[in-house]
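Peer 1:
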Amino acid sequence: MALEYLIKDGRIQPGRIEEIVEKAKMEVAQSCHEAGINAAFKLGLPRINKDLLDYVGRLKYRTSFTQNALDHSIQVAYLAGIMAAELGLDQNLAKRAGLLHDIGKAADFEMDGSHVEIGARLAKKYGEPDVVVNAIESHHGDVEAKYVIATLVQAADTLSAARPGARNETLENYIQRVEKLEEITKQFEGVQSSYAIKSGRELRIMVVPEKISDIETYKLARDIKDKIENEMTYPGQIKVQVIRETKAVEVAK
């Protein structure tokens, strides 16, 4: 925005640049504020903290695989609300949780942690109900969903993100990421097989029980996680799950 103003103005000088950048910052902040208020109004959600609505508005300028984050959040809110109404639950509370489920993406450039962790902290800071906090914390499966509404938000999030055309990623990049994930696991002793699922967002590793003990599965999961972080570039998060299964079989005659 600032660059457009400068090009139109033609006076590209140090003092003018600072002036235009400040002007652009103010306009973007106002745009975010209005976008947050409009989103809450569209969904019929009163009494959301105005500072939290500013974070909601920031999602207007954030995308995930070309899907606009604010549009996605509004859609998740609608879907969660519809499902809640069908089940006789609080429709507005479900819409509220849906709207705020990705709020951490509005601050992940200025706060430490994943967008899930940041979102939960923001929701707690601004006094959101426990069900909303849990919906944010659990929408990627990082923690258990303690409320039905939190589960509905998970479902709505998946529906919005997975619908055809919502998000774009080249098939080649997807295949390369999945192959790389499975290749990394093969470098560790005791791994029997591995499968990248959920579009490469989760990695399930089966180990040989005779070679890996229950305690060692925790270390293996951590080591694989560290190797993925060091060797790969990927959007969002990848959950690493190590599974050790022991079967005891006897035949009664």
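Just add 440 to the spot in the sequence shown (first one is 1) and you have our numbering.
We put the beta carbon where it would ideally sit given N, CA and C, even for glycine.
Glycine 476: which of Met466, Leu499, Ile558 and Met441 sits nearest, CA to CA?
Peer 2: The candidate whose alpha carbon is nearest that of glycine 476 is Leu499.
Peer 1: Out of curiosity, what's the CA-to-CA distance linking valine 583 and lysine 659?
Peer 2: Between valine 583 and lysine 659, the C-alpha separation is close to 20 Å.
Peer 1: Using the C-alpha atoms, what's the distance from tyrosine 501 back to leucine 446?
Peer 2: Cα to Cα, leucine 446 sits roughly 21 Å from tyrosine 501.
Peer 1: Is the region 548-562 close to the region 508-521, with three or more CB pairs under 8 Å?
Peer 2: Cβ pair count under 8 Å is below three, so no.
Peer 1: Round the Cβ separation of isoleucine 589 and leucine 529 to the nearest angstrom and send it over; I've been treating them as touching at under 8 Å.
Peer 2: Confirmed, about 6 Å.
Peer 1: Let me know the secondary structure DSSP gives glutamate 656 once reduced to three states.
Peer 2: Of the three classes helix, strand and coil, the one that applies to glutamate 656 here is helix, per DSSP.
Peer 1: Once the 5 residues before and after threonine 657 are set aside, which same chain residues still bring their CB inside 7 Å of it?
Peer 2: Answer for threonine 657: Val647, Val682 and Arg684, listed in chain order.
Peer 1: Whole angstroms are fine: how far does the CA of phenylalanine 549 sit from the CA of isoleucine 457?
Peer 2: Those two C-alpha atoms are separated by around 24 Å.
Peer 1: How would you label tyrosine 406, buried or exposed, when you count the other beta carbons within 10 angstroms and need 16 or more for buried?
Peer 2: Here the chain covers residues 441 to 693 and nothing more, so residue 406 does not appear.
Peer 1: For valine 680, which residues of its own chain have a beta-carbon under 6 Å away from its beta-carbon, when the five flanking residues on both sides are left out?
Peer 2: Once the five neighbours on either side are set aside, the close Cβ partners of valine 680 are Leu643, Ala661, Ile664 and Lys665.
Peer 1: For glutamine 616, does the count of other Cβ atoms within 10 angstroms reach 16, so buried, or fall short, so exposed?
Peer 2: That one is exposed.
Peer 1: In the structure shown, what three-state DSSP assignment does valine 648 receive?
Peer 2: Reduced to three states, the DSSP call for valine 648 is coil.
Peer 1: Would a C-beta distance cut-off of 7 Å place tyrosine 495 and alanine 534 closer than the cut-off?
Peer 2: Taking 7 Å as the Cβ cut-off, tyrosine 495 and alanine 534 do not qualify as a contacting pair.
Peer 1: Return yes when the Cβ of alanine 575 is within less than 7 Å of the Cβ of valine 556, no when it is not.
Peer 2: Their beta carbons are not under 7 Å apart, which means valine 556 does not touch alanine 575 by this criterion.
Peer 1: Can you look up glutamate 444 in the DSSP assignment and give me helix, strand or coil?
Peer 2: Glutamate 444 falls in the helix class under three-state DSSP.
Peer 1: So for glutamate 642, helix, strand or coil by DSSP?
Peer 2: Glutamate 642: strand per DSSP, three-state reduction.
Peer 1: Which residues bound the beta strand (DSSP E) around serine 634?
Peer 2: Note, serine 634: beta strand (DSSP E), 631-637.
Peer 1: For the alpha helix (DSSP H) containing arginine 451, name the first residue and the last one.
Peer 2: First-last for arginine 451: undefined, no H or E at that position.
Peer 1: Relative to the C-alpha of asparagine 613, which candidate in Gln632, Gly640 and Asp570 has its C-alpha closest?
Peer 2: Of Gln632, Gly640 and Asp570, the residue nearest in Cα terms is Gly640.
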